[in-house]
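K.L.:
Number of protein chains: 2
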Amino acid sequence: MGKNIVIVGLGLIGGSLAKALRMYTEHTVTGIDVSPDVLEKAFSEGAIHRIGTPDSLREADLVFLCIYPDAAVSFIGEYGNLLPKGCLVADTCGIKGEICRRMPPLAEKFGFTFVGCHPMAGKEKNGFSASEAELFQGASFILVPCGAPKEAVEELSSLAMQLGFGQTVITTPDHHDQMIAYTSQLPHVLACAYVMSPQCPQHNGFSAGSYRDVSRVARINEVLWTELFLDNAEHLTEELDLLIENISSIRNAVAENRRDDLRALLRKGRLIKEELGE
Amino acid sequence: MGKNIVIVGLGLIGGSLAKALRMYTEHTVTGIDVSPDVLEKAFSEGAIHRIGTPDSLREADLVFLCIYPDAAVSFIGEYGNLLPKGCLVADTCGIKGEICRRMPPLAEKFGFTFVGCHPMAGKEKNGFSASEAELFQGASFILVPCGAPKEAVEELSSLAMQLGFGQTVITTPDHHDQMIAYTSQLPHVLACAYVMSPQCPQHNGFSAGSYRDVSRVARINEVLWTELFLDNAEHLTEELDLLIENISSIRNAVAENRRDDLRALLRKGRLIKEELGE
């Protein structure tokens, strides 16, 4: 039996979830968005079965919150009373500490079940027009149970695998945020810092894959990422300090012409990468 | 009429040049390498017409030096007397200041023509076994004439386009090295520094494209890159200092919870990238 799934926010992630749910499952997908144009587009393209309103929450079996962290908490604060008892609510925010502090009290108040989720997929374009059913193929789906019962976590895990994710990971908010500071936030900081060099605008003709790879995510949504960075300030600052320290070690070996030290530092990098089999 | 082209060093670049010359031109390709196994392999795979020795230089119309910068200068210092007068010699080293200081006096002494070259292509694997005829498709071929006559530069440019390069760029050694410090050397330093975080070995399940892209070139040939970094110490140090400064600006905005400043910094990165149409 198909469930009623409500997706709040049809941007890149919400839109892609809707399309993947349509493509790979029999569930009924209802979309909610602040933009009537986006809703019309999603409906006419068949990404959603129904254009919804907060009232649609009354019939929801599962709700995906695909909006910014602050907005997700506000939305549930405002409309959580409409949710049926036992309804499953998942977010898709990139940082989990903050939302996993603020959502469980609302879950208790309104009687729904909350599981923090982070689909580890994205691209350097935003919005519904960039969304695609195949966005999640092979990606990792991270679950942060926040005290939710095992069945709820399993339901979301198995749904994720149906949608094309390659693996699911269950972890705590803190470990999630520490890892994400390193794997995702750091590269975004780096990309923005990297393109600030005066050489950047002249790179054409002098660049290849390395430039392209490091600079790729400089095309950032600064409103979203400012919120994500500040929600994870401690872990991110720690990773940035470490990175600056490691860059400085190499920089000093270059500047001081310490050939053996430089070679040893680069060798260390190579060995780490090789030991990971990458 | 096909020319006699001698390739010194059948690693990733030399091997790929040989294969591309065989695939896209009628020239006769002779290979020289310190490893008899590599020579045999290259010959049996048809990447070269002939296994050569330094004596093969006597009949060369064009020589590509595809070995480390120091080794390239030593090789010509030792065998340059074998080159026919007017022979064209090109290197493929990643840094041009050093080789463009040391090669022209040898060119004058032995009567050959030297043009510094840098095929902007590579991958995170080394050696002949990683070489491929298509390595240069769409890449930039940089020429540093070092006082060579226009005809020599044009000959190499047109050969590069035949081999599949997408564009050629003519520049000075200093501008080349300044740009390469930014576009290529910096990402290699970064990749090595990035994987030194204690989070790195646990990234699986928490990572996606951003991790992969920034860490990719950590699989570095530390012997080669140590030489390239030290040959370009001044420009590289300058770029690293600037990068550390720009990362620190973002780091401080995060650590001090300065939301507007952080948003402005990320916005700056995004606009630079967008203005480049990337």
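Chains as they are written, first to last, in the working numbering: chain A, 136 to 413; chain B, 136 to 413.
Beta carbons: idealized from backbone N, C-alpha and C, even for Gly.
Given residue 192 of chain B, which residues of its chain have a CB within under 7 Å of its CB, disregarding the five upstream and five downstream residues?
P.N.:
Correct list, in chain order: 141, 198, 214, 217, 218.
K.L.:
Distance check for residue 255 of chain A and residue 342 of chain B, CA to CA, integer angstroms please.
P.N.:
Those two C-alpha atoms are separated by around 7 Å.
K.L.:
Is the beta carbon of residue 328 of chain A less than 7 Å from the beta carbon of residue 407 of chain B?
P.N.:
No; because the gap between Cβ atoms is not below 7 Å, this pair is not in contact.
K.L.:
Entirely within the stretch 239-305 of chain A and at least 4 residues each: give me those alpha helix (DSSP H) ranges in chain order.
P.N.:
Listed in chain order, they are 285-297.
K.L.:
Distance check for residue 409 of chain A and residue 228 of chain A, CA to CA, integer angstroms please.
P.N.:
In a straight line, the C-alpha of residue 228 of chain A is about 32 Å away from that of residue 409 of chain A.
K.L.:
Take residue 340 of chain B as the anchor and find which of A/201, A/145, A/277 has the nearest alpha-carbon.
P.N.:
The candidate whose alpha carbon is nearest that of residue 340 of chain B is A/277.
K.L.:
Could you run through the stretch 324-336 of chain A and flag, in chain order, every residue whose CB is less than 9 Å away from some CB of chain B?
P.N.:
The residues in question are 324, 325, 326, 327, 328, 329, 330, 331, 332, 333, 334, 335, 336.
K.L.:
If we call anything under 7 Å between Cβ atoms a contact, is residue 184 of chain B one with residue 160 of chain B?
P.N.:
Taking 7 Å as the Cβ cut-off, residue 184 of chain B and residue 160 of chain B do not qualify as a contacting pair.
K.L.:
Do we get a CB-CB distance below 7 Å when we pair residue 355 of chain B with the residues of chain A?
P.N.:
At least one chain A Cβ lies under 7 Å of residue 355 of chain B.
K.L.:
Kindly indicate the opening and closing residues of the beta strand (DSSP E) around residue 149 of chain B.
P.N.:
Counting along the chain, residue 149 of chain B falls outside any beta strand (DSSP E), though it belongs to the alpha helix (DSSP H) covering 147-159.
K.L.:
Give the interface partners of residue 338 of chain A over in chain B, defined as CB-CB distance under 9 Å, in chain order.
P.N.:
By Cβ distance, chain B contributes 314, 317, 318, 411.
K.L.:
Under the DSSP definition of a beta bridge, which residues are partnered with residue 166 of chain B?
P.N.:
Answer is B/142, B/186.
K.L.:
Output yes if chain A places a C-beta closer than 7 Å to the C-beta of residue 368 of chain B; else output no.
P.N.:
Cβ-Cβ to chain A under 7 Å: yes for residue 368 of chain B.
K.L.:
If we count the other Cβ atoms within 10 Å of its Cβ and call it buried at 16 or more, is residue 172 of chain A buried or exposed?
P.N.:
Residue 172 of chain A is exposed by the Cβ-count criterion.
K.L.:
Could you tell me which chain A residues have their CB closer than 8 Å to the CB of residue 266 of chain B, listed as they occur along the chain?
P.N.:
Simply none; closest approach about 16 Å.
K.L.:
Which residues in chain A sit within 8 Å of residue 374 of chain B, going by Cβ to Cβ distance?
P.N.:
332, 334, listed in chain order.
K.L.:
Verify the CB distance criterion: does residue 341 of chain A have a CB-CB separation below 7 Å to chain B?
P.N.:
Interface residue, yes.
K.L.:
Just to confirm, are residue 401 of chain B and residue 357 of chain A a CB contact at a threshold of 7 Å?
P.N.:
Closer than 7 Å, so yes.
K.L.:
Buried or exposed: which applies to residue 243 of chain A, given that a residue is buried once 16 or more other Cβ atoms fall within 10 Å of its Cβ?
P.N.:
Counting Cβ neighbours within 10 Å, residue 243 of chain A comes out exposed, since fewer than 16 surround it.
K.L.:
Quick one: is residue 435 of chain A near chain B, going by C-beta distance under 7 Å?
P.N.:
This structure does not reach residue 435 of chain A, given that chain A is present from 136 up to 413, and the question cannot be answered.
K.L.:
Could you have a look at residue 341 of chain B and say whether DSSP puts it in helix, strand or coil?
P.N.:
Coil at residue 341 of chain B, not helix or strand.
K.L.:
With the cut-off set at 7 Å, would you say residue 310 of chain B and residue 231 of chain B are in Cβ contact?
P.N.:
No; because the gap between Cβ atoms is not below 7 Å, this pair is not in contact.
K.L.:
Indicate whether at least one CB of chain B lies closer than 7 Å to the CB of residue 304 of chain A.
P.N.:
Yes - at least one Cβ of chain B is within 7 Å of the one on residue 304 of chain A.
K.L.:
Against chain A, does residue 240 of chain B count as a neighbour if the rule is that its beta carbon must be under 7 Å from one of theirs?
P.N.:
For residue 240 of chain B, the answer is no, since every Cβ of chain A falls outside 7 Å of its Cβ.
K.L.:
Based on DSSP bridge pairs, tell me the residues matched to residue 200 of chain B.
P.N.:
Paired residue(s): B/143, B/226.
K.L.:
Which residues, taken in chain order from the stretch 379-396 of chain A, show a beta carbon closer than 8 Å to some beta carbon of chain B?
P.N.:
Going along the stretch 379-396 of chain A in chain order, one finds 379, 381, 382, 383, 384, 385, 386, 389, 390, 392, 394 with a Cβ nearer than 8 Å to chain B.
K.L.:
Quick check on the DSSP output: the alpha helix (DSSP H) that includes residue 132 of chain A runs from which residue to which?
P.N.:
The question about residue 132 of chain A has no answer here: the residues shown for chain A are numbered 136 through 413.
K.L.:
Only counting the same chain, and skipping five residues up and downstream in sequence, which positions put a Cβ closer than 8 Å to that of residue 202 of chain B?
P.N.:
Excluding sequence neighbours, residue 202 of chain B sits near 143, 144, 146, 149, 210.
K.L.:
Enumerate in chain order the residues of its own chain whose CB-to-CB distance from residue 158 of chain B is below 6 Å, with the five nearest sequence positions on each side excluded.
P.N.:
Result list for residue 158 of chain B: 268, in chain order.
K.L.:
Suppose you measure from the CA of residue 344 of chain A to the CA of residue 250 of chain A; what does that come to, to the nearest Å?
P.N.:
Roughly 38 Å separates the two Cα atoms.
K.L.:
Should residue 139 of chain A be labelled buried (16 or more other beta-carbon atoms within 10 Å of its own) or exposed?
P.N.:
Its Cβ being crowded by 16 or more others within 10 Å, residue 139 of chain A is buried.
K.L.:
What does a CB cutoff of less than 7 Å around residue 237 of chain B pick up in its chain, not counting 5 residues either side in sequence?
P.N.:
Same-chain partners within the cutoff: 208.
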